[in-house]
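If you read the protein sequences in the order shown, they are chains A and B. Just so we're aligned: the first sequence equals residues 45 to 583 in the working numbering. Just so we're aligned: the second sequence equals residues 45 to 583 in the working numbering. Glycine included, C-beta positions come from ideal geometry on N, C-alpha and C. Keep in mind the model is a prediction, meaning the values are calculated, not measured.
There are 2 protein chains.
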Amino acid sequence: MHMMDTQLTLTSFLNRAERHFSHKTIISRTSETNIQTFTYGEYAKRTRKLADALSKLGMTRGTKVATFCWNHHRHLEAYFAVPCAGAVLHMVNIRLFPEHIIYVVNHAQDEIVLVDDSLLPLVEAVAPHFTSVKAYVICGDDVDVSKTTLPNAYSYEELLAKASDAFEFPQDLDENAAAGMCYTSATTGMPKGVVYTHRSIVLHSMAMWNADGVGVSERDTVLPVVPMFHANAWGLPFACVGSGTTQVLPGPMFTPQLILDLFEKYKVTISAGVPTIWLGVLQEQQQNPRHLDSVRCLICGGSASPLGLIRAFEQMGIEYYTGYGMTETSPLVSLSVYTSEMADYSFDEKMEVRVTQGLTMPLVETRIVNENGDVPWDGQTMGEIIVRGPWIAAEYYQDERSAEAFKDGWLYTGDIAVYTPDGYIRITDRTKDLIKSGGEWISSIELENALMTHDKVFEAAVIAVPHEKWIERPLACVVVKPEYKDTVTKEELLASLAENFPKQWVPDDVVFLDEIPKTSVGKFLKAKLREEMKEYITQ
Amino acid sequence: MHMMDTQLTLTSFLNRAERHFSHKTIISRTSETNIQTFTYGEYAKRTRKLADALSKLGMTRGTKVATFCWNHHRHLEAYFAVPCAGAVLHMVNIRLFPEHIIYVVNHAQDEIVLVDDSLLPLVEAVAPHFTSVKAYVICGDDVDVSKTTLPNAYSYEELLAKASDAFEFPQDLDENAAAGMCYTSATTGMPKGVVYTHRSIVLHSMAMWNADGVGVSERDTVLPVVPMFHANAWGLPFACVGSGTTQVLPGPMFTPQLILDLFEKYKVTISAGVPTIWLGVLQEQQQNPRHLDSVRCLICGGSASPLGLIRAFEQMGIEYYTGYGMTETSPLVSLSVYTSEMADYSFDEKMEVRVTQGLTMPLVETRIVNENGDVPWDGQTMGEIIVRGPWIAAEYYQDERSAEAFKDGWLYTGDIAVYTPDGYIRITDRTKDLIKSGGEWISSIELENALMTHDKVFEAAVIAVPHEKWIERPLACVVVKPEYKDTVTKEELLASLAENFPKQWVPDDVVFLDEIPKTSVGKFLKAKLREEMKEYITQ
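Below, the structure is given as structure tokens:
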């Protein structure tokens, strides 16, 4: 052995936070009326107490502990108490359909469930179908366990009050041991499980600290709007504990107003969320401006951000990073950072970079492949993104569908993209959403982005509908901004597209809707839209 | 297997540099009259050619390849060609004594030696004693192999001209495989070998990219003054290739003038070297100012930096990071960065931070221990620094002396330090240099730093001399600035110390010298000084 065999574990993050940043704070909004502040010193003690309490409830190496929790300090305590004890934290996506929730809890064989008091109705409704759960721990500021129908229910705070902060985490954890798991919300079929390891989370955190990426640092104050049950809140809570970074956890039922208030009050520097969040925040900021001088960047992923949204934030001096990733990739694969030569770009040129999914991070490799092999970096030739690296899943947890996505050491993402001439990824579609019309690939996302830059359009989804001659043709489904309702014509929207796209790309028709159906994580649910429109016949 | 078993190897760095940064440059000063520029695209091709050429000379998995080279592009090619091929790069410290050079080459069992043409006399003198070397490759712009006495000598450029850039690096390297090795210049006995692995170098590079540290990024231009044979030039060449960072390699026989010219001409942003370098650079800059707007930070280690030196650079707007590390630690252990609460410090308070060895980096752990266990964070209680982490050596290469330094999973560094109340390391001495006077520990380094802030003092070393009553007493050895020669008195220097230190700490006497003897890497050679002064009797 040449170098020390030090295992990359989350325990080293927790120890460092307590040793060097015990005075730094975690601000936790635990309910609509309560915001609490904890120091990292208090946090580390509470985390050890939680590990002690869960151990007394039977948690041991490998035990699966599920959470049904918003973003708050108790969830963050579980983020470390469970894996540092050698057990596995299963962050359940509370927005899954009930039958999917039942599936994932039983499939993971969760034995202990942590649940927010505000989410009790949701869990009480499905709990009778859980087959492996032995205890429920209710998270809240003022929990009355006698009021739940859940069996073997405990109050989180009462457990902690009786627990010892002298609990010692094991010193012999293997870095390849399971630390956490999330299930992806598949559009068809049951969700698929991804298991993160200590090693993958530590390396992903180091990527989040990278000065060539977000560069999360001790000097930052991070507010993850993205839920902690959605791909580890993009790894931010882990990275922040490791670097002693101040965290602002926005809790349940947040609004654009609340997010902006928290930004201003706590001088937030970094936030992260899906485009829908930032659309709402931008609207609110334009109506009721806050002082946002502290905010240095927003991280956005999950689906494409409209150019106008990016421009608006960048014009305020806030960097808007578009990222690419998914539950299977921890999630950070690439980020729309500038390279040195882009420093001299004009504002408009820079925005063309920001709207891409960006440059592949170190240690991760991407390729874009189609039936002819690797695509050229021409900004035009589409293919599927494939990924590999030390924080990319190797398989779905005990799932036969693994073979569909994991081939020859690569994850086939199902996302269709091009490489720009600079080697930046620009997503053009999901494999399933690509419109194949008369032998040509038409990107639904590029059409959507163009429609969403139209002044009068709030949201737009473009889907394939069957066509006798062309097999498939694009159909635009558009939600108009309230103030322009009934004043927009199909013709003007199609004419605006005709200016920028080849003739075959322009949809044959526009359907006006009140709302685009979305998945539990805010992505367009095109499968549902296609189902609704399948009888639709374009001219 | 939950996550992909992607090995952390240097090959991923080289591949990324070629794929994404093929247009970025490496500026290489290959002789006193020649500066060449290569793109990373050209660099990657030449690196594969070098691997092909060395393979034809017999390099295979595990072969040790020695370098006697300054900082230039050919050395950087060897930095990747050798380890990516599965062999081991032994960077020989050319400043070692001849018998030590013979020892390290034979001890490592080096089979191929790369040597700069300017260093041929040095190697020719010792080569007859090498027992394992089968071939010599001479690095230079215009090499005539007929002129060397070395057997089996080849021209680097001629080998490359005949080699193939289609050479393929193995895909199956284990991250724990040896990648490089350095020997430490021990003050007594033969040098001790440290073997770096692919994993340790990759993780160390990620630490160099950390926004809470140096934050080396693609947007930087890095000039390592620290030699590439000295603790991997502090890991900078590896980190830079991984991030596609522009590198300026200053070659042989550099001067403060040259360094400043390169800073200005190539808009260098980061440089690294020992205090002696920066003292010379500062003097030159004060006499002949260059435009240094591009320079954002200097990294300094190896020995303590005088406060005045740090202040002078910081007043120019250049951050001066003092780091702590050694060959055994890859080397980055800690760095004098500011935490968020130091943002509001006054300039003087900030300088008090910069002069320390700083905050321990993530994934590495430090402790300071003495006979009472861990020292309190009081800025006063001294103990020995012990270190562990994934880029800390586990042993010396095939060396019985390992047992003295590696105990219970920790490296005992032999450095004496205190923790400031903020948990920053401040080195006060080497174990061997500590002065134990009448039961009290006196820090030679603190006295030296105080002496070196004196306007008239150029350099100062404080050593222990035997004393009948107190066992040991401090003696100050001082080099006066030329302009003050013969105008400084012992009394005025001792009086200045008496203002700031307890009575027992003030040396009994001052000896004026023309020069402080130094080790091959520029550190005070106190063993020699003590030897010279051992008969010295203080009053």
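Check, Outcome
"Identity of the residues DSSP links to N115 (chain B) by a beta bridge", "Looking at the DSSP assignment, N115 (chain B) forms no beta bridge with any residue, so it has no partner."
"Cβ-based burial, R263 (chain B) [other Cβ within 10 Å; buried from 16]", "buried"
"Within-8 Å CB hit, T50 (chain A) to chain B", "yes"
"Sheet register partners of S72 (chain A) (DSSP bridge)", "A:Q80, A:L293"
"Buried versus exposed, by CB contacts within 10 Å (16 or more), I460 (chain A)", "buried"
"Three-pair Cβ contact test at 8 Å for the segment 295-311 of chain B versus the segment 323-334 of chain B", "yes"
"Proximal chain A residues relative to S261 (chain B), where beta-carbon distance stays under 7 Å", "A255, D256"
"Nearest-angstrom Cα separation, counted from M272 (chain A) out to Y528 (chain A)", "36 Å"
"Alpha carbon of Q583 (chain B) to alpha carbon of P518 (chain B), nearest angstrom", "Residue placement at Q583 (chain B) is poorly supported in this model, since its pLDDT is 46, which falls under 50; the coordinates still yield a value, given next. Each residue's alpha carbon lies about 12 Å from the other."
"Nearest-angstrom Cα separation, counted from L267 (chain A) out to T290 (chain A)", "9 Å"
"Cβ distance (whole Å) where G257 (chain B) is taken to contact A251 (chain B) below 8 Å", "6 Å"
"Within chain B, partners of T464 (chain A) - CB distance below 9 Å", "The contacting residues do not exist; T464 (chain A) stays about 12 Å from chain B at best."
"Proximity test, Cβ basis, 8 Å: A222 (chain A) and chain B", "yes"
"Top-ranked residue by Cα proximity to E396 (chain B), from B:R411, B:D418, B:M234, B:T366", "B:T366"
"One or two residues paired with H511 (chain A) in a DSSP bridge", "A:I515"
"Beta-carbon proximity list for M496 (chain B), same chain, < 6 Å, skipping 5 on both sides", "P350, A504"
"F57 (chain A): first and last residue of the uninterrupted alpha helix (DSSP H) it sits in", "54-64"
"Local conformation of D209 (chain A) per DSSP, three classes", "coil"
"Where A179 (chain A) sits in the DSSP three-state scheme", "strand"
"Euclidean distance between Cα positions of K476 (chain B) and K562 (chain B)", "16 Å"
"Alpha-carbon to alpha-carbon, M405 (chain A) and L203 (chain A)", "42 Å"
"Selected residue, minimal CA-CA separation from Q80 (chain B), among B:A88, B:T69, B:K89", "B:T69"
"Any chain A beta carbon closer than 8 Å to T228 (chain B)", "no"
"8 Å contact criterion, which H242 (chain A) and E219 (chain A) should meet: CB distance rounded", "5 Å"
"Pairwise C-alpha distance: H498 (chain A) and E587 (chain A)", "This structure cannot settle anything about residue 587 (chain A), because the visible part of chain A is limited to 45 through 583."
"Which residues DSSP lists as bridging P195 (chain B), in chain order", "DSSP, once it has assigned bridges, lists no residue as partnering P195 (chain B)."
"Cβ-based burial, K108 (chain A) [other Cβ within 10 Å; buried from 16]", "buried"
"Run of the beta strand (DSSP E) containing R411 (chain B), from where it starts to where it stops", "409-414"
"Span of the beta strand (DSSP E), counted from its first residue to its last, around M225 (chain A)", "222-228"
"Supposed contact pair I71 (chain A) and D364 (chain A) - C-beta distance, whole angstroms, cut 8 Å", "A small fix is needed here, since residue 364 (chain A) is Tyr in this sequence, not Asp. Contact doesn't hold; Cβ gap of about 24 Å is too wide."
"Of the residues A:N115, A:F124, A:Q215, the one placed nearest N137 (chain A), counting alpha carbons only", "A:N115"
"Contact with chain A by L403 (chain B), beta-carbon distance below 8 Å", "yes"
"Positions along the segment 454-486 of chain A whose CB lies within less than 7 Å of some CB in chain B", "G467"
"Spatial neighbours of S75 (chain A) in its chain, beta-carbon cut-off 8 Å, leaving aside the 5 residues before and after", "S162, G184, D185, G295, P296"
"Short Cβ contact (8 Å threshold) for G224 (chain A) with P165 (chain A)", "no"
"Cβ pair count under 8 Å reaching 3, the segment 441-461 of chain A against the segment 504-513 of chain A", "no"
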